[in-house]
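Under my numbering, the first residue of the sequence shown carries the number 23, and numbering increases by one thereafter. Backbone N, C-alpha and C fix where the C-beta goes; we use that ideal spot for every residue, glycine too. On a predicted model such as this, the values are computed, not experimentally measured, just so you know. Input: a single structure, listed below in structure tokens.
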Amino acid sequence: MSGHGETAGDPGPSFIEKMKAAGRTIVDSGAKTMLKTDVVFLEREIKSRKQRFGVEVYELMEQLEVDTGMSIEEKETKIRLAFDRARKDIAVVQAKIGCKKEEMEHLEMNSEGGGKSQPVRVGGGREQIDTTEMEHGIVR
């Protein structure tokens, strides 16, 4: 009798579970690819900001070299302000990168079997990390 129940009941759920797992893998793979692309663009943004900082400081130092009316402290303060602005801008982008990497790790944990204890819900499930929330510093 147990053979009868296995043949009639197991192929359906087994097939459905396989399809769900395959669908979840495809969705997770697409999400990971998107996150990796986001990280690449954010890293480019950091590089661009550092280059802009270099140009700003060069022009500032060039200008301050000619301006003899300012004290050394005032000149240092102007340069320091430029550095502080750049550092703040870069820190914001680095935080975004960190969030993207955390989200990738979360997706990898779910695709490695962690998803059985914590199902991934499509469309606003709380188990899924929301990129917008992370970008705005909302931590659950």
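query	result
Would you mind giving the Cβ-Cβ distance between K122 and D60, rounded to the nearest angstrom? I have them listed as a contact below 8 angstroms.	5 angstroms
Run the CB neighbour count on A53, radius 10 Å, all protein chains shown included, and call it buried at 16 or more, exposed below.	buried
Taking 8 angstroms as the cut-off, decide whether the C-beta atoms of T55 and S133 are in contact.	no
Do L64 and I119 have their C-beta atoms closer together than 8 angstroms?	yes
Can you tell me where the alpha helix (DSSP H) holding S133 begins and where it ends?	I94 to S133
Using a Cβ-Cβ distance under 8 angstroms, would K97 count as near chain D?	Absent here is chain D; the protein component of the structure consists of one chain.
At the level of alpha carbons, what is the spacing between E67 and A117?	13 angstroms
What do you reckon, are the CB atoms on A130 and L57 nearer than 8 angstroms?	Residue identity check: residue 130 is Glu in the sequence provided, not Ala. Going by C-beta atoms, E130 is not nearer than 8 angstroms to L57.
Can you grab the Cα-Cα spacing for the pair G146 / K72, in whole Å?	Only weak support is given to the placement of G146: the predicted model assigns it a pLDDT of 38, under 50, and the value that follows is read from those uncertain coordinates. Whole-angstrom Cα-Cα distance: 36 angstroms.
Give the single residue among M41, I38, G76 and E39 whose Cα lies nearest to the Cα of A108.	G76
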